[in-house]
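As structure tokens, the structure follows; a few thoughts come after it.
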Amino acid sequence: MLRPPSQRPLTLSARAEALQPSLTLAIAAKAKSLKAEGHDICSLSAGEPDFETPAFIRQAAVDALNAGHTRYGPAAGEPALREAIAHKLSHENGVATGTDQVLVTNGGKQALYNLFQVLLQPGDELLLPAPYWLSYPEMARLAGASVRVLPSSAAAGFRLDPAQLEAAITPASKLLVLNSPSNPTGMVLSRSELEAIAAVLRRHPQLAVVCDEIYEFLLAPGHQHHSLAAVAPDLADRIFSVNGFAKGWAMTGWRIGWLAGNREVVKAAIALQSQSTSNVCSFAQFGALAAIAGPRDCVHQMAERFNERRQLLSDGLQAIDGLQLLPPEGAFYAFPDISSTGLDSMRFCNRLLDEQGLAVVPGVAFGDDRCIRLSCAAANATIEDGLNRLQRFIRSL
Ligand code: GLU
């Protein structure tokens, strides 16, 4: 007998049932709430710059708010901001980009989400080099696609091997993710590595690429960021760039990012955004406009501080017996191998938090259970405190 609607249990969609909440956000939130409860907690978990957004950017948003930019704007973003992003891509990254190839999104995350939704469907495959940032596979599955992980290891330098990439490609392979500088490993793809990847792509015309360039300004000395579409302009029509203001300009809470690439695909992503979230917060976009149109001094000053901190974290981790570290080349993470402790990464991180009050993220969330991720987006004293706690924990095992 059918039960009346009011008595039927609420069921979740299969999509929602299968969805894992973001562990990076969950651990950062847990560390914050333990601290608020008075526990002695040191957090090297979420990658969030601790600097304040530069004053001229905040002022531009305040001015826009006071000037009445408080209403709906175009779903694709403020025209002046789209134009400034297109200008940045064309002149700073060497990727000729028209304004209509840019969509302003609610952080880099929505750019990825929208792209996956408009490109991927059941039967398609996302090619994902591991270790990977944990939201890519979840977003691909939300679009109905399957995920083919391309494993790598610290022993292989966490590099993407072009031969391995080529061997993994099937007729279903639709989209490859490249994230350089990488979260969580900090590896940076060199120009010659990108050229080798481009050579593979030329042999597989059905495969598109999304380059997550959110850490482009955060590079250790001696490393340079190259955009794949600048290295291989002949492939530009199937290379997408995702980026945002969070990391370079210390604007995590503003939630402003962008998707750029193939006009028709970006047009579909704009349609999706117009039916889902509409425009990104109107006055916040004017802060972002001031940021991107302004001088890069503030970005470089913060990047310089991150260089010092990355070095501090790297040196400290390398000095701890029982850890193996490939020194990061960019971004603000280190991803040491903890497997000599005999603990899996989840148990390691849970015990580290319980016993020493240090919050870090288990590598299993990034596709490598032998490692843990520590962020150096924190003050030197916090990094030093975290290193001491980690050392005490490992000694205690
Ligand atoms: N991308 C940053 C991280 O991995 C921020 C948190 C998130 O969005 O996952 O820590």
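Last residue of the sequence shown: number 1650 in this note's numbering, and the count goes up by one each step with no gaps.
Don't be surprised by glycine CBs; every beta carbon is placed ideally from N, CA and C.
Boundaries around E1557 are those of the alpha helix (DSSP H), 1550-1571, since no beta strand (DSSP E) includes it. Uninterrupted alpha helix (DSSP H) stretches at least 4 residues long and entirely within the segment 1364-1393 do not occur. Judged by DSSP secondary structure, S1399 falls within the beta strand (DSSP E) whose first and last residues are 1399-1403. Per DSSP, the continuous alpha helix (DSSP H) segment holding R1455 begins and ends at 1444-1455.
Of the other Cβ atoms in all chains shown, 16 or more fall within 10 Å of the Cβ of G1610; this residue is therefore buried. Bounds of the beta strand (DSSP E) holding V1495 are 1492-1497. Every unbroken stretch of the beta strand (DSSP E) spanning 3 or more residues and falling wholly within the segment 1330-1366 is given here in chain order: 1355-1358.
Here the alpha carbons of L1356 and V1430 stand approximately 19 Å from one another. Residue pairing of C1464 in beta bridges, as defined by DSSP: L1431, S1494. For ligand 1, a non-hydrogen atom lies closer than 7 Å to the CB of G1300. Under the 8 Å Cβ criterion, the segment 1408-1422 does not count as touching the segment 1271-1278, having fewer than three qualifying pairs. Contact between S1593 and H1322 is absent: CB atoms are separated by about 55 Å, not below the 8 Å threshold. Taking the CA atoms as reference points, N1515 sits about 7 Å from F1493.
Checking the 7 Å criterion, the Cβ of N1436 is within range of a heavy atom belonging to ligand 1.
Distances from the CA of V1441 to each of Q1554, E1582, P1589 were compared; the closest alpha carbon is that of E1582. Listed as beta-bridge partners of S1628 by DSSP are Y1586. Closest in C-alpha terms to V1462, from the list E1469, E1378, A1396, comes E1378. In this structure, T1635 has its CB at a distance of at least 7 Å from all heavy atoms of ligand 1.
In the three-state scheme derived from DSSP, where H, G and I count as helix and E and B as strand, C1534 is classed as coil. Around the C-beta of P1404, fewer than 16 other C-beta atoms lie within 10 Å, and the residue is accordingly described as exposed. In the displayed model, P1307 falls within coil according to three-state DSSP, outside both helix and strand. For T1594, the Cβ stays outside the 7 Å cut-off from all heavy atoms of ligand 1.
Counting along the chain, A1408 sits inside no beta strand (DSSP E), nor does DSSP assign it H or E at all.
Linking L1395 to G1510 through their CA atoms gives a straight-line distance of about 20 Å. Beta-bridge partners assigned by DSSP to Q1577: D1590. CA-to-CA, the gap between A1544 and D1574 works out to about 43 Å.
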